[in-house]
Amino acid sequence: MPLSDKDAEKAIRARYEPLARTAFSIIYTEKGNTESVLKAGGFWIDGEVYDKPAFAENTSDHLKREVTVYDALRPHPHITACLGLELLPGTSEAWALRLERSPWGDLRSYILKHTAPDMCDRLKVAVDFATAVQHLHDRGVIWGDLSTRNAIVFDGLNIKLCDFSGSSLRNPRYWPPMPVAEAPADGSVELELFALGTAICEITEWAVPYGRPEEVDEDAVQRMLARGEYPHVSDDNPARDVIWRLWRLEYRSGGDAVKDLKAILNSLALCRSASPREGNQGSAADSQGRDTDRPDR
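Numbering-wise (the working numbering), the sequence shown opens with residue 63 and increments by one.
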């Protein structure tokens, strides 16, 4: 027999740690589990689902579709590890997707909460992000919601892409500031390359495009887009030319952008003399003496 709302709320608090929520799914984990998370269409308790997101439907089909994408992409150092589907007992119906857990949360939140690392590290993150996007395209996958919100951070400022559910709720901050008729087609490589330029801008500027969400809401972003405004790129940003070439759709692939980013990284004497980031056994925040409080996810 299903629990009452009050009893379900108590059971959820006792069993689970909520981490993130969208209109389609909830990310949570079992209390004490630091290794993996569950992505589901609600909190499952004894075969019943509670607190379903507004647009959660056909959950099993969506989860099975997403796991096939993860299967096509792995293994890759910058793609989140999918640990498999969770099935309802005695059935083939999936109720959750189990994924590896990030100790630092998503990249967008990390950028908002932490002081900018040096430009060498930011460029390395940009290279990793663009390399992973090209891997998607090489495997025939269009991400559909390219954003720093859908990359998670691990120790050493290593990042992995996640969320391949094909959500239709795109992020306006990553839209081209041009009339729809002139913009690249939705679901195209061209549109993803434009969005990649914005992601690289966000990473290297260490600032959310068009301003922090609590200061500039999406209605204001829409007005800026209508005026043809692009996100701010500093004159001294070494990735400035790569960003603008992506926005102007001058690259044929993300791999071409990766080559140019690596060339920039190798041309900076400071970056050439720095210790390899991969050798850092501590966290990005620890290594720079900043706040080491970890976010929820």
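Even glycine gets a Cβ: it sits at the ideal position worked out from N, Cα and C.
Same chain, Cβ closer than 7 Å to R163, neighbours up to 5 away in sequence not counted: Counting from one through the sequence shown, the residue named residue 163 turns up at place 101. T91, T96, E97, S98 and V99, listed in sequence order.
As assigned by DSSP and simplified to three states, the class of D67: Within the sequence shown, numbered from 1, the residue matching residue 67 stands at position 5. Of the three classes helix, strand and coil, the one that applies to D67 here is helix, per DSSP.
Contact check, S87 vs G103, beta carbons under 7 Å: Along the sequence shown, one-based indexing puts residue 87 at 25. Along the sequence shown, one-based indexing puts residue 103 at 41. Contact: yes.
Beta-carbon spacing of I221, V251 below 7 Å: Sequence index remark: in the sequence shown, residue 221 carries index 159 (1-based). Sequence index remark: in the sequence shown, residue 251 carries index 189 (1-based). No, Cβ-Cβ distance for I221 and V251 is not below 7 Å.
Rounded C-alpha distance that separates L219 from P139: On the sequence shown, residue 219 is found 157 positions in, with the first residue counted as 1. On the sequence shown, residue 139 is found 77 positions in, with the first residue counted as 1. If you take the alpha carbons of L219 and P139, they lie about 13 Å apart.
Distance, V304 Cα to R77 Cα: For this step, residue 77 is matched to residue 15 along the sequence shown. For this step, residue 304 is matched to residue 242 along the sequence shown. R77 and V304 have their C-alpha atoms some 47 Å from each other.
Beta-carbon contacts of W268 that lie in its chain and below 7 Å, excluding the five residues immediately before and after: Taking the first residue of the sequence shown as position 1, residue 268 is located at position 206. Counting only Cβ-Cβ distances below 7 Å, and skipping sequence neighbours, we find I173, A178 and R184.
Residues sharing a beta bridge with D123, DSSP: Along the sequence shown, read from residue 1 onward, the residue named residue 123 stands at position 61. In DSSP, D123 forms no bridge with anything.
Simplified DSSP state of E254, which is helix, strand or coil: Stepping through the sequence shown from its first residue, residue 254 is reached at position 192. Looking at E254 - three-state DSSP - the assignment turns out to be helix.
Distance between A192 and L258 (C-alpha atoms, nearest Å): Translated into positions along the sequence shown, residue 258 becomes position 196. Translated into positions along the sequence shown, residue 192 becomes position 130. If you take the alpha carbons of L258 and A192, they lie about 7 Å apart.
N-terminal and C-terminal residue of the beta strand (DSSP E) that S98 is part of: Residue 98 sits at position 36 when you count from the first residue of the sequence shown. Here the beta strand (DSSP E) through S98 covers S98 to A102.
Closer than 6 Å: D108 CB and nearest the ligand SAH heavy atom: Ligands in the displayed structure: none, and consequently the ligand SAH is not present.
Buried or exposed (CB count within 10 angstroms, at least 16 for buried), E264: Indexing the sequence shown from 1 puts residue 264 at position 202. It is buried - the Cβ of E264 has at least 16 other Cβ atoms within 10 Å.
Close beta carbons around D322, own chain, < 7 Å, minus the five adjacent residues each side: Counted from its first residue, the sequence shown places residue 322 at position 260. Once the five neighbours on either side are set aside, the close Cβ partners of D322 are V304.
Limits of the alpha helix (DSSP H) - the one that R211 falls within: Mapped onto the sequence shown, residue 211 falls at position 149. It is not in any alpha helix (DSSP H) - R211 carries neither H nor E in the DSSP assignment.
Under 7 Å between C-beta atoms of A301 and T266: The residue you call residue 301 lines up with position 239 of the sequence shown. The residue you call residue 266 lines up with position 204 of the sequence shown. Cβ atoms of A301 and T266: closer than 7 Å.
Close beta carbons around S74, own chain, < 8 Å, minus the five adjacent residues each side: Translated into the one-based positions of the sequence shown, residue 74 becomes position 12. Reading off the sequence, residue 74 comes out as Ile, not Ser. Beyond the five residues adjoining it in sequence on each side, I74 comes within less than 8 Å, by CB distance, of P80, F105, I107, Y112 and D113 in the same chain, given in chain order.
Delimiting residues of the beta strand (DSSP E) encompassing R83: If you number the sequence shown from 1, residue 83 lands on position 21. Y78 to R83 is the span of the beta strand (DSSP E), which, as asked, contains R83.
Residue nearest to D133 in terms of C-alpha spacing, selected from G202, T121, E280 and M181: Walking along the sequence shown from the start, residue 133 turns up at place 71. Comparing Cα-Cα distances from D133 to each of G202, T121, E280 and M181, the minimum goes to G202.
Distance between R211 and R160 (C-alpha atoms, nearest Å): Locating residue 160 in the sequence shown gives position 98, where the first residue counts as 1. Locating residue 211 in the sequence shown gives position 149, where the first residue counts as 1. Spanning the two alpha carbons is a distance of roughly 19 Å.
Per-residue DSSP class, three states only, for A347: Mapped onto the sequence shown, residue 347 falls at position 285. Per-residue confidence for A347 stands at a pLDDT of 40, beneath the threshold of 50, marking its modelled position as unreliable; no derived number is given.
Sequence-distant residues of the same chain with beta carbon closer than 7 Å to L223, five excluded per side: If you number the sequence shown from 1, residue 223 lands on position 161. The residues H140, I141, T142, A194, N212 and A213, in chain order, have a CB closer than 7 Å to that of L223 in the same chain once the five nearest residues on each side in sequence are set aside.
Boundaries (first-last residue) of the beta strand (DSSP E) holding G146: Position 84 of the sequence shown, counted from the first residue, corresponds to residue 146. Run containing G146: C144 to L149, per the beta strand (DSSP E) assignment.
Local conformation of N220 per DSSP, three classes: For the purposes of this step, residue 220 is taken as residue 158 along the sequence shown, with counting starting at 1. Three-state DSSP puts N220 in a strand.
Close-in-space but distant-in-sequence residues of the same chain around H3 (CB under 8 Å, 5 per side omitted): Residue coverage of the chain in this structure runs from 63 to 359, which leaves residue 3 outside it and unanswerable.
Option in A85, D281 and L135 with minimal Cα separation from E119: As a first step, residue 119 is located in the sequence shown; it is residue number 57 there, counting from the start. Ranking A85, D281 and L135 by Cα distance to E119 puts A85 first.
Euclidean distance between Cα positions of M286 and Y292: Position 224 of the sequence shown, counting from 1, holds the residue named residue 286. Position 230 of the sequence shown, counting from 1, holds the residue named residue 292. Rounded to the nearest whole angstrom, the CA to CA distance from M286 to Y292 is 8 Å.
W309, enclosing alpha helix (DSSP H) - first and last residue: Counted from its first residue, the sequence shown places residue 309 at position 247. Residues R302 to W309.
Residues that I141 bridges to, as DSSP identifies them: Residue numbering aside, residue 141 sits at position 79 when the sequence shown is read from its first letter. According to DSSP, which records beta bridges pairwise, I141 is partnered with L223.
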